[in-house]
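Undergrad: So the sequence lines, in the order shown, correspond to chains A and B.
Mapping of the first sequence onto the working numbering: position 83 corresponds to residue 110, and the numbering continues sequentially without gaps.
Mapping of the second sequence onto the working numbering: position 232 corresponds to residue 1416, and the numbering continues sequentially without gaps.
Attaching a single structure in C-alpha cells format; questions to follow.
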Amino acid sequence: MKGNAKRSYKARVRSSERISPSCGVIVFERPEGFPDALPGQFVSVRVSDSTVPLLRRPYSIMDLTDIELALLVKVAGKGSAMLASAGPGDVMDLAGPLGGSSFADPGGEDAVLVAGGTGLAPMIYSARTWKRRVGRGRLYLVHGAASSAESPDASFEADFDMVFRATMDGSAGFSGDVVTLLAKLLDEGRISAPLLYSCGPAAMVRALVERAGGRFKSHHTSLEAVMACGVGACRGCTVPLREEGRIVFKAVCDDGTVFRASDIAWEEWW
Amino acid sequence: MTEGKNTAFRVGNAAFINPVLLASGPAGYGLEYSGMIRLARLGGVVTKTISLKPRAGNPGVRLRETGSGLLNSVGLENVGAARFFGEKLPAILEAGIRPVVSLAAEDWDDYTLLLDETSGHRDVDVVELNLSCPNVERGGMAVGTDPEKVDSYVREARSKLPGVALLAKLTPNVQDIASLAAAAEGAGADGITAINTVLGMDIDVANRRPVFRMVRAGLSGPAILPVALEAVWRAARAVKIPVIGAGGISSVGDAMKFFMAGAAAVQVGTAIFYDPGLPERIADELERTGLPARI
C-alpha cells in the first residue's frame, strides 16, 4: 500500500543562513537511510519538543545531495520562527520524503517555473535535479515576492537559464505581481515555452491558471497546504479537483503535492 | 522483549495484546503510518469511520491549529463499506494489525444496511459505533446526544452483530455523558469510547467569515485532555463495561491519568501527527509498571 515506507528521521542542522531579511536556508546533514527525493516532494519537521506548535511543518525540499538536505524557510509564524532559529548541531525530527507526485522532467522542452515566495524551493530542487546540459530545454524562473526583503539573493540564479523577479512594492525587479510579469514577458516574446510549473500561494496559482494557463501546453503546480499527518491518513489537507465533471478531494500531502492546475476547483477551496 | 507485565485487554469477546490503540481518524486505515509506527505492537487501530457509501468529506478548510489543539472538519471522508471490506481490511489484517472497525451512518436505513454488510465479515470481531462526529449534517453527533437514539442504534447493532464486541463512541458535547454511557450499556454495548472531539469554531478575521464551511468543527489535541478526563471519570462510574479513554493524550503520563480516572484502555489520536512513537512508549511503560490503579 502507498505511503507505508514513509518514516521519520533525526536530522542534525549543519548550517542556518539568512538569504534575505526574512528568508533563510536551513541545511541538515542528510540522515542515514534518507531516500532520494523527487522535485516537489517535501519533509515535515517537528520544530518543537513541546505541543506548541502542535503540528509538524511541511517544507518542500530545496536541495538534497549525498550529504545534505536543504530547506527554504520564511518566518511567517511561531513554527517557522522556531525552525529558522535552529543552529548548527541542533537535532530535529523530520519525516520524508513525503508526497506521492512530483514535477516531471521536461527533458528537451523549455519550461517556465513560476514561484511565489518560498515556492522557490521546489524550483531550485527541480533545476538541480534536471541539471543544465546540452540538449536540455531552457528553464526560465519567474519569481514573485512582497518586497525585496522576501526576494532571495542571487546565489541560486546559476541553476536557471534566465531569472526574472517581481516584487509587489517594486523594491526589486518588476513592480507588481508575478502573474502580470509573466504575461508581460510572454507578450513581449522575451520568453516562450510549452511547459509551465508553479509553486506558491493558492491565489497566485489561481491567477496563473486564469490569466496565463491557455498559453502553455501544460501547467503543473505544487500546492501549499496546512497538513497534519503528511502521509495521506487524516484527509485534512485536501484540494478539490474536477474529475469527469464531479468534484473529488485529493490529499495534497499524498496524492500531491503536484497536480494539473486546470483540474483544481478553486471555488470549492477556501 | 524482556518479561513485562501482562497488559492484555478484553472487551466483550475481543482480545487485545495491550490496552493502547490508535483512535479513529488521524491514522487513516492504519497502513499509511506503518513506516512510522510499529502498528502490530499496539493493542489495535481504530479505522477511519466507514459509511455504507463512500463519502467525499467536507469542502473548504479542514484543519486549523489552535493553542495546543487542532480543529478539524474532515467530515468522515472514507472509501465506503464495499471498498473498505474488499481492499483496506484485508491489507490491515495482512500487516498483522488488529483492527477495530469504526462505523457511522447518515440515517437509519443506511445504518441497518451497513450493519448487514459488516455482519458478513467474520474477520470483524470488534466494532466502534461512531455516534459522535460533529462534522456531519446527519447522523454522527445528532444521534449521540440523545439517549433514546443511542439506545436504538446500539440495540440494532447488538442484534445484527451477535458475537461482535461493540464499542459506543460518545461525544463530550452533552450535559450528561453518564446517561449516554448508561444507555449504551443498557442496549448491549460491550464498551464505551470517550471522547470524540469537542465542538469549536474559528473565524477568519481578515475576511470576516468562519474558517470552516460547516462553521463548527471538532477540537482535538492536548487542549481537550481535561475535558476527556472528566468525561471518562464520570462514564466509568456510570457503567460496568470497560471505558476506553481518548482525548488529548500527548505523553505517557497523560495515558496514566486516564487509567487512574477509570479507563480500561486508551486511544491516541492527534499526538501521532507530531509524536508517532508515543503509543508504543505508552505500551512499553504499561508493560514495565502494570496498569495504574483507579483513584
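Glycine included, C-beta positions come from ideal geometry on N, C-alpha and C.
Based on Cα-Cα distance, which residue from A:158, A:279, A:177 lies nearest to residue 267 of chain A?
TA: A:279
Undergrad: Can you give me the C-alpha to C-alpha distance between residue 1395 of chain B and residue 153 of chain A, rounded to a whole angstrom?
TA: 34 Å
Undergrad: Just reading off the beta strand (DSSP E) that residue 49 of chain A is part of, what are its end residues?
TA: Run containing residue 49 of chain A: none; DSSP gives neither H nor E here.
Undergrad: Put residue 1192 of chain B into one of helix, strand or coil per three-state DSSP.
TA: coil
Undergrad: Would you call the CB atoms of residue 160 of chain A and residue 178 of chain A closer than 8 Å?
TA: no
Undergrad: Which residue marks the beginning of the alpha helix (DSSP H) containing residue 278 of chain A, and which one marks its end?
TA: Looking at the DSSP string, residue 278 of chain A is not in any alpha helix (DSSP H); the run it does join, the beta strand (DSSP E), is 273-278.
Undergrad: Going by the C-beta, is residue 87 of chain A closer than 7 Å to any heavy atom of the ligand PLP?
TA: No copy of the ligand PLP occurs in the structure displayed, which carries no ligand at all.
Undergrad: Quick one: what's got a C-beta closer than 7 Å to residue 221 of chain A's C-beta in the same chain, skipping five residues either side?
TA: 136, 137, 243, 244
Undergrad: Looking only at its chain, what residues have a beta carbon closer than 8 Å to the beta carbon of residue 204 of chain A, apart from the 5 residues adjacent to it on each side?
TA: 171, 193, 195, 231, 234
Undergrad: By the criterion of Cβ-Cβ separation under 8 Å, what are the contact partners of residue 1222 of chain B in chain E?
TA: Among the chains of the structure shown, chain E does not appear; the protein chains present are A and B.
Undergrad: Going by DSSP, what residues sit across from residue 1449 of chain B in a beta bridge?
TA: B:1428
Undergrad: Helix, strand or coil, according to DSSP, for residue 1327 of chain B in the structure here?
TA: Of the three classes helix, strand and coil, the one that applies to residue 1327 of chain B here is helix, per DSSP.
Undergrad: How many angstroms separate the CA atom of residue 1258 of chain B from the CA atom of residue 1248 of chain B?
TA: 11 Å
Undergrad: Should residue 1126 of chain B be flagged as near chain A, meaning a C-beta pair shorter than 8 Å?
TA: Limits of chain B in this structure are 1185 at one end and 1479 at the other, which puts residue 1126 of chain B out of reach.
Undergrad: Taking a contact to mean a Cβ-Cβ separation below 8 Å, would you say residue 54 of chain A touches residue 42 of chain A in this structure?
TA: yes
Undergrad: Which residues share a DSSP beta bridge with residue 1377 of chain B?
TA: B:1353, B:1428
Undergrad: Under 8 Å between beta-carbons, which chain A residues line up against residue 1249 of chain B? List them in chain order, please.
TA: 80, 81, 82, 253
Undergrad: Give a yes or no on whether the C-beta atoms belonging to residue 281 of chain A and residue 253 of chain A are separated by under 8 Å.
TA: Their beta carbons are not under 8 Å apart, which means residue 281 of chain A does not touch residue 253 of chain A by this criterion.
Undergrad: Look up residue 1306 of chain B in the DSSP assignment and give the residues it is bridged to.
TA: Per DSSP, none; premise fails for residue 1306 of chain B.
Undergrad: When DSSP builds the beta bridges, which residues end up paired with residue 119 of chain A?
TA: DSSP output for residue 119 of chain A lists A:38 as bridge partner(s).
Undergrad: Does the distance from the C-beta atom of residue 56 of chain A to that of residue 38 of chain A stay below 8 Å?
TA: Yes, they are a contact pair.
Undergrad: Just to confirm my understanding: we take residue 1388 of chain B, look at its own chain, exclude 5 residues before and 5 after, and list those with CB closer than 6 Å. What are they?
TA: 1395
Undergrad: Apply the 10 Å Cβ neighbour rule to residue 79 of chain A and answer buried if 16 or more other Cβ atoms are within range, or exposed otherwise.
TA: In summary, residue 79 of chain A is exposed, with fewer than 16 beta-carbon neighbours lying within 10 Å of its beta-carbon over all protein chains present.
Undergrad: Look up residue 30 of chain A in the DSSP assignment and say whether it is helix, strand or coil.
TA: Because the pLDDT of residue 30 of chain A is 42, which lies under 50, any placement of that residue in the model is unreliable, and the number read from its coordinates should be weighed accordingly. Three-state DSSP puts residue 30 of chain A in coil, outside helix and strand.
Undergrad: Flag residue 34 of chain A as yes if its beta-carbon sits less than 8 Å from any beta-carbon of chain B, otherwise no.
TA: yes
Undergrad: Mind the definition here: the region 1285-1298 of chain B touches the region 1225-1245 of chain B only if three or more C-beta pairs lie below 8 Å; say whether that holds.
TA: At 8 Å Cβ cutoff, the stretches touch.
Undergrad: Going by CA-CA distance only, name the one from B:1253, B:1196, B:1201 that's closest to residue 1470 of chain B.
TA: B:1201
Undergrad: Between which residues of its own chain and residue 100 of chain A is the CB-CB distance below 8 Å, once the five residues before and five after are set aside?
TA: 50, 51, 52, 53, 86, 107, 110, 111, 145
Undergrad: Is the Cβ-Cβ distance between residue 1349 of chain B and residue 1198 of chain B less than 8 Å?
TA: Yes.
Undergrad: Return the first residue and the last residue of the beta strand (DSSP E) that residue 90 of chain A is part of.
TA: Judged by DSSP secondary structure, residue 90 of chain A falls within the beta strand (DSSP E) whose first and last residues are 84-91.
Undergrad: For residue 112 of chain A, which three-state DSSP category applies?
TA: Secondary structure of residue 112 of chain A (DSSP, three-state): coil.
Undergrad: Name, please, each residue of chain B whose Cβ falls closer than 8 Å to the Cβ of residue 26 of chain A.
TA: The requested residue 26 of chain A is not part of the displayed model; chain A covers only 28 to 297.
Undergrad: Near residue 1408 of chain B, which residues of its chain fall below 8 Å by C-beta distance, leaving aside the five closest residues on each side in sequence?
TA: 1253, 1356, 1379, 1381, 1382, 1431, 1432
Undergrad: Counting only beta-carbon atoms, is residue 1416 of chain B nearer than 8 Å to chain A?
TA: no
Undergrad: State the Cα-Cα distance for the pair residue 303 of chain A and residue 1231 of chain B, rounded to the nearest angstrom.
TA: The displayed coordinates of chain A run from 28 to 297. Any statement about residue 303 of chain A would go beyond what the structure contains.
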